[in-house]
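The structure appears below as structure tokens.
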Amino acid sequence: MKNERPHSSLWFCLTGCVFGTVLTGASIMLLVWYLLYHFQVIAVNPIEQHIPVVIILPGSALVGSCITCLVGRLVIRPVQNISRAFQRLSQGDFSVRVPTDSRVVEIREMSEQFNAMVYDLSHIETLRNDFVVNVSHEFKTPIAAIEGYATLLQMEGLSRERYDYYVEKIIANSRQLSTLSSNILALSKLENQETVLGRKEYRLDEQLRRAVLLLENKWAPKEIEFDIDLPNELFNGNERLLDQVWSNLLDNAIKHSPEGGTIQVALLSGGDAVTVSVTDHGDGMSEEVQKHIFEKFYQGDRSRASEGNGLGLALVKRIVDLCHGSVTVDSAPGEGACFRVRLPREP
4 MKNERPHSSL WFCLTGCVFG TVLTGASIML LVWYLLYHFQ VIAVNPIEQH
54 IPVVIILPGS ALVGSCITCL VGRLVIRPVQ NISRAFQRLS QGDFSVRVPT
104 DSRVVEIREM SEQFNAMVYD LSHIETLRND FVVNVSHEFK TPIAAIEGYA
154 TLLQMEGLSR ERYDYYVEKI IANSRQLSTL SSNILALSKL ENQETVLGRK
204 EYRLDEQLRR AVLLLENKWA PKEIEFDIDL PNELFNGNER LLDQVWSNLL
254 DNAIKHSPEG GTIQVALLSG GDAVTVSVTD HGDGMSEEVQ KHIFEKFYQG
304 DRSRASEGNG LGLALVKRIV DLCHGSVTVD SAPGEGACFR VRLPREP
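The sequence shown begins at 4 in our numbering and counts up one residue at a time.
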């Protein structure tokens, strides 16, 4: 019943305003009539003419009722619908929608904006739930592995070889946890950031060469070769953030390249922008995988889940977006993948 009081009050206020306006108008009409008679402009005395007075007052009531119903249908009922929809939304019902067929432009626009807001909120809620589930899963896996290998270390008569193997696995899973935590914190910070600060001019080609060398411990064991085309290029940007872009793209290419494969890294300068491409010749990916490749925790090849956490390319996308650039991927199953990052010189 408490929820009905505001609606009843709204109707009461509307009815009072309409009837007050109409009756006031009728009273003014009678007053004007009387004044005109008093100053002998007309010869008909309104007080003596009971029939017109009796007609005006009920007519005013009828007009007021019609106006009240019309305005109530056009304004009050849509507002009540939106109010009830807000109540359902506050209870977590993201399926609620309000009609958008009102004849009043403002009410129709309000309804459309409400529906758009609910649609966006439902997607945010879905992403939040997926994020919690994915984070829980990504943390649970290495923690369970660490616990299992630590338990094995307590076995008596353990050979040195097995001991070293278990310790190596514990260290590897600990590093995976550390990387996951760092990526989550970095992505959270970037998602709440609207612009890139700390820009300076530096050699972009040297940064790319340095990124390749820093990952030598990953590509050297696979005997991967690099085909590099990096002309001298001065670029004005945040060097620390772009380091993460190149390291994640190169790490992704190394991870998907076959033994003895080749990775191409190219830098192309074109007027108001620079384009960096990283190409591998691995298994490639389907169109469906390409649609989701930049989503958080998405991993198209679950067999490689132990090699990453699905946040690297999401970080790349967010950083490039902050730089007002674009990142795209061209790939097909069995034909490798080519990631292209386009960065404007003056974002």
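Yeah, the Cβ is synthetic: ideal placement off N, Cα and C, and Gly gets one too.
Which residues DSSP lists as bridging residue i, in chain order
i           : result
residue 341 : 282, 333
residue 347 : 276
residue 203 : 240
residue 110 : Per DSSP, none; premise fails for residue 110.
residue 266 : 229
Coarse secondary structure for residue i, derived from DSSP in three states
i           : result
residue 103 : coil
residue 272 : strand
residue 308 : In this predicted model, residue 308 has a pLDDT of only 46, less than 50, meaning its place in the structure is not dependable; the value taken from the coordinates is given anyway. Helix at residue 308.
residue 90  : helix
residue 320 : helix
residue 54  : Residue placement at residue 54 is poorly supported in this model, since its pLDDT is 48, which falls under 50; the coordinates still yield a value, given next. Three-state DSSP puts residue 54 in a helix.
residue 96  : coil
residue 157 : coil
residue 297 : coil
residue 227 : coil
residue 82  : helix
residue 314 : coil
residue 44  : coil
residue 234 : coil
residue 151 : helix
residue 145 : helix
residue 245 : helix
residue 39  : helix
residue 260 : coil
residue 356 : Nothing can be reported for residue 356: it is not among the residues displayed for the chain, which extend from 4 to 350.
residue 162 : coil
residue 250 : helix
residue 125 : helix
residue 288 : coil
7 Å CB neighbourhood of residue i in its chain, flanking five on each side removed
i           : result
residue 1   : The structure shown has nothing for residue 1, since the chain only spans 4 to 350.
residue 92  : 99, 121
residue 155 : 169
Candidates the options, of which the one nearest residue i by Cα
i           : options            : result
residue 243 : 38, 210, 122, 341  : 210
residue 104 : 96, 113, 226       : 113
residue 245 : 206, 339, 229, 233 : 206
residue 289 : 279, 317, 153, 333 : 333
residue 85  : 97, 95, 215, 102   : 102
residue 232 : 212, 216, 119      : 212
residue 318 : 250, 216, 335, 294 : 250
residue 187 : 169, 315, 156      : 315
residue 109 : 81, 279, 96        : 81
residue 215 : 164, 153, 252      : 252
residue 189 : 287, 260, 278, 247 : 247
residue 90  : 117, 106, 241      : 117
residue 192 : 218, 261, 325      : 325
residue 323 : 44, 339, 343       : 343
residue 94  : 223, 106, 125      : 125
residue 224 : 230, 208, 261      : 261
residue 230 : 269, 167, 111, 157 : 269
residue 97  : 115, 123, 106, 111 : 123
residue 208 : 274, 278, 153      : 278
Close Cβ partners of residue i (< 6 Å) along its chain, the five nearest in sequence each way excluded
i           : result
residue 239 : 202, 204
residue 272 : 236
residue 88  : 99, 101
residue 221 : 257
heavy atom of the ligand ZN below 7 Å from residue i C-beta
i           : result
residue 333 : Absence of the ligand ZN is noted for the structure shown, with no ligands found whatsoever.
Close-in-space but distant-in-sequence residues of the same chain around residue i (CB under 8 Å, 5 per side omitted)
i           : result
residue 320 : 297, 330
residue 142 : 180, 183
residue 218 : 250, 253, 254, 257
residue 337 : 286, 287
residue 42  : none
- Query: Touching or not, the segment 143-150 and the segment 175-192, by the rule of three or more beta carbon pairs under 8 Å?
  - Reply: yes
- the segment 261-272 in contact with the segment 281-291 per 3-pair CB rule at 8 Å: yes
- Query: With contact counted as at least three CB pairs below 8 Å, one residue from each stretch, are the segment 248-256 and the segment 231-238 in contact?
  - Reply: no
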